[in-house]
Amino acid sequence: NPFAGLVSHLRASWLSGKTRPIEYRVAQLEALGRFLDDKKQQILEATASDLGKAPFEAELSEILLCKNELHETLNNLSHWMKDEQVDRTLAMQLDSAFIRKDPYGVVLIIAPWNYPIHLFLVPLIGAIAAGNCVIVKPSEVSKKTERLVAEALPGYLDKDCFAVVTGGVQETTKLLENKFDYIFFTGTPPVGRIIMTAAAKHLTPVTLELGGKNPCYVSDTCDVTNVARRVAWGRFFNAGQTCIAPDYLLCTIEMQEKLLPALRKAISDFYGPNPRESPDFGRIVSDKQFQRVQRLLGSGRVAIGGQTDEAERYIAPTVLVDVQPSDPVMQEEIFGPILPIVIIANMDEAIDFINSRERPLVVYTFSSSDKVVKQVLRRTSSGGFCGNDTLMHVTLPSLPFGGIG
Amino acid sequence: MERMQQIVGRARAAFNSGRSRPLEFRMQQLKALERMVQEKEKEILAALKADLNKSGPNAYSHEILGVLRELALTMEKLPSWAAPHPVKKDLLTMRDEVYIGYEPLGVVLVIGAWNYPFVLVMQPLIGAIAAGNAVVVKPSEVSENTARLVAELLPQYLDKDLYAMVTGGVPETTELLTQRFDHILYTGNSAVGKIVMAAAAKHLTPVTLELGGKSPCYIDKDCDLAVACRRITWGKYMNCGQTCIAPDYILCDPSIQSKVVENIKATLKEFYGEDVKSSPDYERIVNQRHFKRVKSLLEGQKIAHGGETDEASCFIAPTILTDVSPESKVMEEEIFGPVLPIVSVKSVEEAIEFINFREKPLALYVFSNNKQLIRRVIAETSSGGTTANDVIMHSVVPDLPFGGVGHSGMGAYHGRFSFEIFSHRRACLIKDLRWEVVNKLRYPPGSMEMMHL
Numbered sequence: 002n003p004f005a006g007l008v009s010h011l012r013a014s015w016l017s018g019k020t021r022p023i024e025y026r027v028a029q030l031e032a033l034g035r036f037l038d039d040k041k042q043q044i045l046e047a048t049a050s051d052l053g054k055a056p057f058e059a060e061l062s063e064i065l066l067c068k069n070e071l072h073e074t075l076n077n078l079s080h081w082m083k084d085e086q087v088d089r090t091l092a093m094q095l096d097s098a099f100i101r102k103d104p105y106g107v108v109l110i111i112a113p114w115n116y117p118i119h120l121f122l123v124p125l126i127g128a129i130a131a132g133n134c135v136i137v138k139p140s141e142v143s144k145k146t147e148r149l150v151a152e153a154l155p156g157y158l159d160k161d162c163f164a165v166v167t168g169g170v171q172e173t174t175k176l177l178e179n180k181f182d183y184i185f186f187t188g189t190p191p192v193g194r195i196i197m198t199a200a201a202k203h204l205t206p207v208t209l210e211l212g213g214k215n216p217c218y219v220s221d222t223c224d225v226t227n228v229a230r231r232v233a234w235g236r237f238f239n240a241g242q243t244c245i246a247p248d249y250l251l252c253t254i255e256m257q258e259k260l261l262p263a264l265r266k267a268i269s270d271f272y273g274p275n276p277r278e279s280p281d282f283g284r285i286v287s288d289k290q291f292q293r294v295q296r297l298l299g300s301g302r303v304a305i306g307g308q309t310d311e312a313e314r315y316i317a318p319t320v321l322v323d324v325q326p327s328d329p330v331m332q333e334e335i336f337g338p339i340l341p342i343v344i345i346a347n348m349d350e351a352i353d354f355i356n357s358r359e360r361p362l363v364v365y366t367f368s369s370s371d372k373v374v375k376q377v378l379r380r381t382s383s384g385g386f387c388g389n390d391t392l393m394h395v396t397l398p399s400l401p402f403g404g405i406g
Numbered sequence: 345m346e347r348m349q350q351i352v353g354r355a356r357a358a359f360n361s362g363r364s365r366p367l368e369f370r371m372q373q374l375k376a377l378e379r380m381v382q383e384k385e386k387e388i389l390a391a392l393k394a395d396l397n398k399s400g401p402n403a404y405s406h407e408i409l410g411v412l413r414e415l416a417l418t419m420e421k422l423p424s425w426a427a428p429h430p431v432k433k434d435l436l437t438m439r440d441e442v443y444i445g446y447e448p449l450g451v452v453l454v455i456g457a458w459n460y461p462f463v464l465v466m467q468p469l470i471g472a473i474a475a476g477n478a479v480v481v482k483p484s485e486v487s488e489n490t491a492r493l494v495a496e497l498l499p500q501y502l503d504k505d506l507y508a509m510v511t512g513g514v515p516e517t518t519e520l521l522t523q524r525f526d527h528i529l530y531t532g533n534s535a536v537g538k539i540v541m542a543a544a545a546k547h548l549t550p551v552t553l554e555l556g557g558k559s560p561c562y563i564d565k566d567c568d569l570a571v572a573c574r575r576i577t578w579g580k581y582m583n584c585g586q587t588c589i590a591p592d593y594i595l596c597d598p599s600i601q602s603k604v605v606e607n608i609k610a611t612l613k614e615f616y617g618e619d620v621k622s623s624p625d626y627e628r629i630v631n632q633r634h635f636k637r638v639k640s641l642l643e644g645q646k647i648a649h650g651g652e653t654d655e656a657s658c659f660i661a662p663t664i665l666t667d668v669s670p671e672s673k674v675m676e677e678e679i680f681g682p683v684l685p686i687v688s689v690k691s692v693e694e695a696i697e698f699i700n701f702r703e704k705p706l707a708l709y710v711f712s713n714n715k716q717l718i719r720r721v722i723a724e725t726s727s728g729g730t731t732a733n734d735v736i737m738h739s740v741v742p743d744l745p746f747g748g749v750g751h752s753g754m755g756a757y758h759g760r761f762s763f764e765i766f767s768h769r770r771a772c773l774i775k776d777l778r779w780e781v782v783n784k785l786r787y788p789p790g791s792m793e794m795m796h797l
């Protein structure tokens, strides 16, 4: 196995105990901070090249949010590392009982292409903070970023304990034959199954950050202008290639009539009359993904947008109406700048619709009635929930981020 | 196939009805479980005696007491465990509601083991009910009397649709594992653990695997040998060695080996008398297959004490092996029997290296008067759990999580950890539709002011 040597080298380093002292972990984390500072320009360029990512967006998602995570971790690490004393029974009053947080050993982080720095760096911060050795496998789809990470990152970290492995499906399969002590995967559910099956052979625990179709219910009582802006922002950020983007909208026909002009205005405010010329609107990452998303434009009827340009992998911010639950756009996670609207008669129908499908990564609800928001929250199940906004729940380091089902 | 589909389907429909969610309902079910344990104590003890020759006092303290304590703790703490947990807010979320909500996962599968057949289905069941789930319970068919009893009793006390029993062996379990669950908690061995996880992977079902391994026990030269050996004897030979966290083997300096043997022998006499076989407190190996397996581990070994066996009654005497080679069969697999090998090491460094060379164990034990040494062993090794200067006891502290790492398992439960493992922690952010001006900086067209915030 081409990676067996690397894995056992890292495991030997872990067994040597060098990653355990807090000073070591802090030094590696601070080096990550320097990587973000030194390479900021290259990161913005690589992600712009790979995804047409607007520098404005990349600053936020790839740099700022990562630095927040670093600061949060550095500020709290000594507290997090402390043994947790627990209550003792009467018979044990003379003893000491505590929970010790041990590193697992060698951790594998597999990252996707849509937020190619953020989605390996944030897990890496956690893995280093916990005292592990790590192999990072960035996505081969975001090619320029992959090359940047493979060339630049190892120079900042201890080469005995941290490595970057590049490659596609074949290399990843070979990599997974090795025994890891933890695997952190971000990607699609089908690949998630493959990862977990491979992990089962070694009894390796996994964290799987997958996806799904995130519903966005808009009730009849709400501030339409603000709703439209927040939904448009969340949907069209990174040209829709966001696991927590609102995937589809549920509302009444009356609300749809109000929302359409408001969405049109929000899009125009954000990206100008021709989004293709806006420096702030992204592109689809690859030809394969472009063709997949383009096919979904055939569902329902285009009410806003719909323009595409294959050479640029550009798909305009689009809203579809007259969409049926059985349409192709409602069968898979869109992962593109298309927002289908599905008509329901009322909140109960919206809740039933959501519950008849796989549990999503996030449920969104917009309403000026707190009761409505709380009801949808209570009667549905999802990784996370955000009322009256999109995306924002993942910006708080104090909230856990993950899915269910 | 259809039977399994029906049972799981019924549990899922019952869960979807929402009736397992209100706290009052969960408390009611937990109270009913408590009544069951109290009212049917005699029957439970009889089943344990039939399956493992467990004596009344042993069975009560190992299985029933723990369950009653867990029930009492869970009923007391459930309201606080289940309440939303507010978390730290930042500048942009100052005005919002930000918290973690604890929600049920759905339909949970609990697969029990035969060595502590009652507590190993009951304790997970308690946690799963407390977290608001529907539960399918599959007790081990090897401890058939307990399995039959639990299958009879549960439907008499609990909601029949929400909490279902499935009995059977490998074919039934394999079939059951093709169904979709929202969490599977399995107690057993690593080989089957891999099968369970692979089956769960098809449905992306999270798993808690309580497995096993060889739990090492290091005895330092600087320690009260009489006390140490007494405690080790207790933990090793309880349930005839069939305990996942029993000290599997001893590591010590060759100079104290014979003293260790003497002390254990003396304790054995004290616990079980001259004729172990006739002691009501000494259990039996669960069946012929395991009897043969454990007996074969004695081949070629230096027996310092014990070694007597009787196939008809699955009796194996408390046995000590000395000068055991690390390469021998008895040092390869988890013994799960009343055979205690002693392996020589010349120093604590050698002991640590020996331990780290092998798979991470479920439990690790170290006996020493030297606190520094104890701290060092804990810091330089990894295991599911650890007790220093005693054995087993870390598993009975209600606030400590119980679980393995590496080949000894993943995930942990007991007490509030059960509640957490069977819950989904949902991140919740509730904002207001007003105060839109705050959002202005994040919207395109791009602005540098946002960056400097």
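Sequence lines, in order, name chains Z and F.
Residue numbers for the first sequence follow the numbering used here, beginning at 2 and rising by one.
Residue numbers for the second sequence follow the numbering used here, beginning at 345 and rising by one.
Glycine included, every Cβ here is placed at the ideal spot set by N, Cα and C.
For Leu506(F), the secondary structure class from DSSP, reduced to helix, strand or coil, is coil. A Cβ of chain Z is located within less than 9 angstroms of the beta carbon of Gly755(F). The beta carbon of His72(Z) sits no closer than 9 angstroms to any beta carbon of chain F.
The region 490-565 of chain F is shown to contain whole beta strand (DSSP E) runs of 3 or more residues at 507-509, 527-531, 551-554, 560-563, in chain order. Comparing alpha carbon positions, the residue from Ala544(F), Ala416(F), Val604(F) closest to His649(F) is Val604(F). At a beta-carbon threshold of 8 angstroms, the residues of chain F lying near Ala98(Z) are His738, Val741, Asp743, Leu744, ordered along the chain.
Here the C-alpha atom of Leu706(F) lies approximately 17 angstroms from the C-alpha atom of Ala98(Z). Around Asp103(Z), the same chain offers Gly132 as residues with beta carbons nearer than 8 angstroms, after the five sequence neighbours per side are excluded. Taking C-beta separations shorter than 6 angstroms and ignoring five residues to either side along the sequence, the partners of Ile699(F) in its chain run Pro560, Thr725, following chain order.
At a cut-off of 9 angstroms between C-beta atoms, Ala32(Z) does not count as an interface residue with respect to chain F. Annotation: Cys252(Z) is outside any alpha helix (DSSP H); the continuous beta strand (DSSP E) that includes it extends over 249-252.
Here Ser623(F) carries a coil assignment [DSSP, helix/strand/coil]. When the alpha-carbon of Asn533(F) is set against those of Gly353(F), Gln382(F), Ser622(F), Ile455(F), the nearest one is in Ile455(F). Along the region 334-365 of chain Z, there is no position whose C-beta sits under 7 angstroms from a C-beta of chain F. Judged by their CB atoms, Ser752(F) and Lys704(F) are nearer to each other than the 9 angstroms cut-off.
Within the DSSP bridge table, the entry for Glu441(F) names Ile774(F) as partners. Against chain F, the CB of Asp39(Z) has no partner CB under 9 angstroms away; the residue lies outside that interface.
When DSSP reads this structure, Met754(F) sits in a beta bridge with Leu553(F). For Ser691(F), the closest Cβ of chain Z is not nearer than 9 angstroms. When the beta-carbon positions are compared, Leu340(Z) and Leu321(Z) come within less than 9 angstroms of each other. Residues are counted here when their Cβ sits less than 8 angstroms from a Cβ of chain F; for the region 4-19 of chain Z these are Leu16, Gly18, given in chain order.
In terms of Cα proximity to Ile44(Z), the closest of Glu31(Z), Glu58(Z), Ala32(Z) is Glu58(Z). About 5 angstroms separates the beta carbons of Ile718(F) and Ala732(F), which is inside the 8 angstroms limit, making them a contact pair. Taking all protein chains shown into account, Glu346(F) has fewer than 16 neighbouring C-beta atoms within 10 Å of its C-beta and is therefore exposed. Sixteen is the threshold: when 16 or more other Cβ atoms of the shown chains lie within 10 Å of the Cβ of Asn227(Z), as they do, the residue is buried. With respect to the C-alpha of Lys673(F), the residue from Gln645(F), Ile664(F), Glu652(F), Val692(F) having the closest C-alpha is Gln645(F). Taking the Cα positions, Gly790(F) is about 48 angstroms away from Leu422(F). Beta-bridge annotation (DSSP): Ala478(F) is paired with Val451(F).
With fewer than 16 neighbouring CB atoms inside 10 Å of its own CB, Thr174(Z) falls in the exposed class. The Cβ of Arg296(Z) sits no closer than 9 angstroms to any Cβ of chain F. DSSP places Lys646(F) in the strand class (E or B) of the three-state scheme.
From the beta-carbon of Leu177(Z), no residue of chain F is found nearer than 8 angstroms; the closest lies around 12 angstroms away. Note on Ile686(F): 16 or more other CB atoms within 10 angstroms of its CB, so buried under the neighbour-count rule. Counting only residues of its own chain and dropping the five nearest sequence neighbours on each side, Val8(Z) has a CB closer than 8 angstroms to the CB of Val107, Ile136, Asn179, Lys180, Phe181. Between Thr531(F) and Pro468(F), the C-beta gap is smaller than 9 angstroms, which places the two residues in contact. Non-local C-beta neighbours of Leu392(F) in its own chain, meaning closer than 6 angstroms and more than five positions away in sequence, comprise Lys398, Ala403, ordered along the chain.
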